[in-house]
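Following the numbering used here, the numbering of the sequence shown begins with 721 at its first residue and continues without gaps.
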Amino acid sequence: MPNLKSLAARSRGALLGAAVGDALGWPQEQNSNIVGGNRTRYVDATPDFRDWERYGGGQYQRYIDQVPAGSYSDDTQLMLATGRALQSEDWFAALTRRELPLFLLYSRGAGGATLRACRTWSTGPEPWVSGTTQKSQKATEMYFRAGGNGVAMRIAPHVIMHATRPIEELVARVVQNGIATHGHPRALVGAAVYAVALHVLVSTEGTLEFGELPARVEADRSWQSPEMLLTNVPSEWMDAAAEQNRNFMGNWTDTVNEMVGMLSLVEDVARAGTRGDDLGTLERLGAFNKKWNGSGTITAAAAIYLASRNAPRPMSGVLRAAFVKNADTDTLASMTGALLGALHGPDWLADLRARVQDREYIERMADDLTARSLVEERPVAGTKDFVHDRSLRRFKEQLQVRHGEGQVQLPDMRQGRLVTNFELESSGNTRAHRWIVDVDGQTLFIDQAAKRSNAEVSDRMRQSKAQEAALDARAKKRTTEQGRFVGLTLRVNDLSSIASFYSEGLGVLVERVGPLELLVGGTVRFLEDPKATFGMSIVLLAFEVPDVSAAARRLGHGSRGFVEAFRSTDPAGHDLDIRSTRK
């Protein structure tokens, strides 16, 4: 059982680690809608936030969503919403009748399953209740097919609240939280497994051995028992699940077995320590398959792998999660960051801790949950101020007639302060406006998009044509000069380990071409930089060697027998594709 000082630091570490990982990974996320596409999406992995822009408003009301550096997405928003709900006398009612409907007002980058459930709660019925219309029945079917990571991303506050209580109670509460938005076992089992991993780390004293975390999670029986996980689920939900899928419990058991298999894989690879194959492992888990890499089970397994492999160097783990290509990077980095924060506390986040959005609010939330976990007397919020679609509409109408700054009352009856409001850049016949509201130290970005009048559209078209003509005129005056590519240089913090890895491990020619510079294979330069971090450059280096099997053994990839190719990672975190020399 953690002591007060330890739990307070680890609680802050978990919530701040989640927020920092979210903010780092959001621009690179496969569905971030970043302006510029992959050209601006993929950058070097550095421990720094960046300003960026994304498309908001959907297909027919598109506008430019300006995202300041350090901003977090729906992952952190929902985590904080869960935390607020836990401060109430009836936390599930507060979550479903207040927090989730209110989330529709300020959500940023939320998934379809969560938004559909929020809309349903805002109009009255539970999302698992099938109505009489074809539309409502279709919505219920989609609810029970929702197996994404939208549950796992938000449940860290439960772990803090139950740090000193039986783990069986924790996983039951997590699944109860989960059914508010998701009905598929992959969402619920994945969230329970992630909660167990967080609980293990919050309670861990001393160092964490490679592979220890997945082994301890796999050994825990609480999340593997359907009866235990479904303790707090109402019978009506069980009936609805059985009606949608007669083999629901069989699918649940299959999901548990699937999760056990992924944890076994993670344990085996994580025990290889720094010689592990990050990309190969994430690929085997399914983290790069866009069809299902947002699954609750896959994201939980991938986050546990990255946290276990990078326990001695937590920032490297978050950077790997936040900048890996073709992945759900905001959620993966958020969950990885929370795990590493639960183990180490917040200090490893360095200046990112101070620069992440709403840092003080997040720290107060962590401290409050810690106090409640230790049964200290804390204020308990009522749950009578429910939010519904009508109150949301009224609030937006009131914002539209407001001028300047001042106090506002949110639909949940909290008092906020309107900080500023302005029009956003939009396309076609869309007009978009943003209001920024501060509520108890949390920043809410409230956007409203609407259709422009015909007169406004015509005026915008005239202005656009004039601007295009001016740009064309300037472009004709420009002259360009052809450049040429002269080589690739990667920054690392230890040249000696790089030299040993490539010369002794791969048998590649290594030349020292300067006091702080190596040339490997006559092609790639490595420059020593004390600020370089593990995995900071997003590149895949391809090498050919005469004996692939021998190279695999030298690099600690086990006795693979005869192989024609394999993936590995060098001591600086660069991904390698190693193949047999072409004849």
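We put the CB at the ideal spot given by N, CA and C, even for glycine.
For residue 843, there is no enclosing beta strand (DSSP E); the enclosing alpha helix (DSSP H) covers residues 832-843.
By the neighbour-count definition (other C-beta atoms within 10 Å, threshold 16), residue 1236 is an exposed residue. DSSP places residue 852 in the coil class of the three-state scheme, outside both helix and strand. Comparing alpha-carbon positions, the option among 1036, 900, 1052 and 1000 lying closest to residue 1024 turns out to be 1052.
Under the rule that a run must span 4 or more residues, the alpha helix (DSSP H) segments found entirely inside the segment 919-965 read 932-939, 946-949 and 955-964.
About 7 Å separates the Cβ atoms of residue 961 and residue 903, confirming a contact at the 8 Å cut-off.
With contacts defined by Cβ atoms closer than 7 Å, residue 795 and residue 1054 form a contacting pair.
Around the beta-carbon of residue 1095, fewer than 16 other beta-carbon atoms lie within 10 Å, marking it exposed. C-alpha of residue 998 to C-alpha of residue 992: approximately 11 Å in a straight line. Runs of the beta strand (DSSP E) lying entirely within the segment 1077-1159 and spanning at least 3 residues, in chain order: 1126-1129, 1135-1144 and 1150-1159. Linking residue 1083 to residue 1074 through their CA atoms gives a straight-line distance of about 11 Å.
When the Cα atoms are used, residue 1157 and residue 777 turn out to be separated by approximately 19 Å.
The beta carbon of residue 1164 sits closer than 6 Å to those of 826 and 1157, all from its chain and outside the five residues before and after it, given in chain order. Per the DSSP secondary-structure output, residue 1289 pairs in a beta bridge with 1295. By the neighbour-count criterion, in which a residue is buried when 16 or more other Cβ atoms sit within 10 angstroms of its Cβ, residue 987 is buried. Taking all protein chains shown into account, residue 1222 has 16 or more neighbouring C-beta atoms within 10 Å of its C-beta and is therefore buried. Comparing alpha-carbon positions, the option among 784, 1029 and 974 lying closest to residue 753 turns out to be 784. The beta carbon of residue 943 is closer than 6 Å to those of 891, 912, 913 and 916 in its chain, skipping five residues each way along the sequence. Contact between residue 1270 and residue 1298 does not hold, since the beta-carbon distance rounds to 11 Å and is not under 8 Å. Judged by DSSP in its simplified three-state form, residue 901 adopts coil rather than helix or strand. For residue 1234, the secondary structure class from DSSP, reduced to helix, strand or coil, is strand. A distance of 7 Å or more separates the beta carbons of residue 1268 and residue 1244. Residue 984 and residue 1140 have their alpha carbons spaced roughly 51 Å apart. Counting the other Cβ atoms within 10 Å of the Cβ of residue 1081 gives 16 or more, which makes it buried. When the beta-carbon positions are compared, residue 1138 and residue 1125 come within less than 7 Å of each other. Counting C-beta pairs with one atom in each stretch, the segment 1121-1136 and the segment 755-774 have fewer than three that are closer than 8 Å, which means they do not touch. Contact between the segment 1043-1050 and the segment 1003-1022 is present: three or more C-beta pairs spanning the two stretches fall below 8 Å.
Here the alpha carbons of residue 875 and residue 802 stand approximately 7 Å from one another. For residue 1169, the enclosing beta strand (DSSP E) stretches over residues 1162-1171.
Secondary structure of residue 1300 (DSSP, three-state): strand.
Across the set 1078, 1030 and 781, the C-alpha of 1030 shows the shortest separation from the C-alpha of residue 1057.
For residue 914, the secondary structure class from DSSP, reduced to helix, strand or coil, is helix. Of the residues assessed, residue 779 falls on the exposed side of the cut-off, its CB having fewer than 16 other CB atoms within 10 angstroms. Taken in chain order, the unbroken stretches of alpha helix (DSSP H) that lie wholly in the segment 969-1009 and span 4 residues or more are 998-1005. 980 is the residue among 980, 906 and 946 whose C-alpha sits nearest the C-alpha of residue 939. Beta bridge pairing from DSSP links residue 808 with 1101.
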